[in-house]
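Presented below is the structure to which this report refers.
In the working numbering, the protein residues as written are 10 to 329.
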């Protein structure tokens, strides 16, 4: 009876987290709609509210915001959320991390996984929200790289039409879709508030870590401002270089498709076998978490599984 109550509590907490996630997505969609409205206001000549630049991501409340400013690592998490353009705050991320750890720990206790099993599940549950933010950041960075050539072409056409560089940023912010319009709108607003073009583009590249295309654009803009030259022609060349690189990257993905499919199959195979055994012969598997030697076997198999996945991932990745 106790195990049933623990399992029911774990399911209830998980359902609450799922509801909170969808609620957060709902407010994020509302935030995106509001941001689009403000970006269109730029094209009509209205000033973008500077609150977009000052928005804190530590917490909603002033007291909690002040307290988190002195917590080690809080600023790093705030930077991570900014790079992912997440509507979450550091306080919400911490709460979800704690809730994930509690749910996973209760699940481990209800399954009688032993000390090592409970510890592993707790760490995994705590890591899920952070892994989700990291995944969102990676997807956003890839989307930025995909949209950047078109944005550079639009800037080049604006410059050839006689617009200033700042106005070219405004055109991209008002005409391009998200997420590229958000970054250019922020860079435009920073310049409007007195920041130099060099510093604005450098900060834009810093908000996109690991995005080499954005760094190339930032470095080119800084060098052009210092040495002079035809910026429109430079932007055209950068855009064409990015397009050629992504065409080559598409060919590489086609060539490595078999290896990536093998990685997926081999990664899912242990879980498929475990599910099949739990259905065909449940007592066969329950021996492992119930003994110390079985727990060591599970730990060793888990470590080997992770190492194998990392090895397969590295074999299928090509640095461009």
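Every residue gets a Cβ at the ideal spot worked out from N, C-alpha and C, and that includes glycine.
Contact check, residue i vs residue j, beta carbons under 8 Å
{"i": "residue 150", "j": "residue 203", "result": "no"}
{"i": "residue 133", "j": "residue 113", "result": "yes"}
{"i": "residue 126", "j": "residue 326", "result": "no"}
{"i": "residue 216", "j": "residue 91", "result": "yes"}
{"i": "residue 99", "j": "residue 110", "result": "no"}
{"i": "residue 102", "j": "residue 77", "result": "no"}
{"i": "residue 297", "j": "residue 306", "result": "yes"}
{"i": "residue 89", "j": "residue 174", "result": "no"}
{"i": "residue 278", "j": "residue 317", "result": "no"}
{"i": "residue 161", "j": "residue 232", "result": "no"}
{"i": "residue 105", "j": "residue 251", "result": "no"}
{"i": "residue 234", "j": "residue 206", "result": "yes"}
{"i": "residue 172", "j": "residue 180", "result": "yes"}
{"i": "residue 319", "j": "residue 268", "result": "no"}
Outcome for residue i when other beta-carbon atoms lying within 10 angstroms are tallied against a minimum of 16
{"i": "residue 164", "result": "buried"}
{"i": "residue 144", "result": "exposed"}
{"i": "residue 198", "result": "buried"}
{"i": "residue 130", "result": "buried"}
{"i": "residue 193", "result": "buried"}
{"i": "residue 223", "result": "buried"}
{"i": "residue 322", "result": "exposed"}
{"i": "residue 51", "result": "In this prediction, residue 51 scores a pLDDT of 46, lower than 50, which makes its location untrustworthy; the coordinate-derived value is nonetheless stated afterwards. Answer is buried; the Cβ neighbour count reaches 16."}
{"i": "residue 191", "result": "buried"}
{"i": "residue 313", "result": "exposed"}
{"i": "residue 167", "result": "buried"}
{"i": "residue 56", "result": "Unreliable placement is indicated for residue 56, whose pLDDT of 41 sits below 50; the coordinate value is still reported in the next sentence. By the neighbour-count rule (16 or more Cβ atoms within 10 Å), residue 56 is not buried but exposed."}
{"i": "residue 154", "result": "buried"}
{"i": "residue 97", "result": "buried"}
{"i": "residue 117", "result": "buried"}
{"i": "residue 115", "result": "buried"}
{"i": "residue 285", "result": "exposed"}
{"i": "residue 283", "result": "exposed"}
{"i": "residue 301", "result": "exposed"}
{"i": "residue 263", "result": "exposed"}
{"i": "residue 310", "result": "exposed"}
{"i": "residue 72", "result": "exposed"}
{"i": "residue 270", "result": "exposed"}
{"i": "residue 62", "result": "Confidence in residue 62 is poor, its pLDDT being 46 and thus under 50, which makes the residue's placement unreliable; the coordinate value appears in the next sentence. Exposed, by the Cβ-count rule."}
Proximity winner among the options, relative to residue i (alpha-carbon distances)
{"i": "residue 81", "options": "67, 185 and 186", "result": "67"}
{"i": "residue 226", "options": "235, 99, 236 and 214", "result": "214"}
{"i": "residue 94", "options": "110, 72 and 152", "result": "152"}
{"i": "residue 178", "options": "294, 195, 188 and 248", "result": "195"}
{"i": "residue 107", "options": "138, 259 and 235", "result": "138"}
{"i": "residue 280", "options": "267, 268, 294 and 269", "result": "294"}
{"i": "residue 244", "options": "237, 171 and 230", "result": "230"}
{"i": "residue 255", "options": "221, 176, 291 and 200", "result": "221"}
{"i": "residue 228", "options": "135, 159, 273 and 210", "result": "210"}
{"i": "residue 185", "options": "176, 159 and 266", "result": "159"}
{"i": "residue 299", "options": "124, 79 and 75", "result": "124"}
{"i": "residue 315", "options": "272, 290 and 291", "result": "272"}
List in chain order: all unbroken alpha helix (DSSP H) runs of 4+ residues lying wholly within the stretch 252 to 294. 266 to 289
Scan the stretch 154 to 219 and note each continuous alpha helix (DSSP H) run of 4 residues or more that stays entirely inside, going in chain order. 174 to 184, 189 to 201 and 206 to 215
With a floor of 4 residues, list each alpha helix (DSSP H) that falls wholly inside the stretch 78 to 154, ordered by position along the chain. 83 to 92 and 99 to 119
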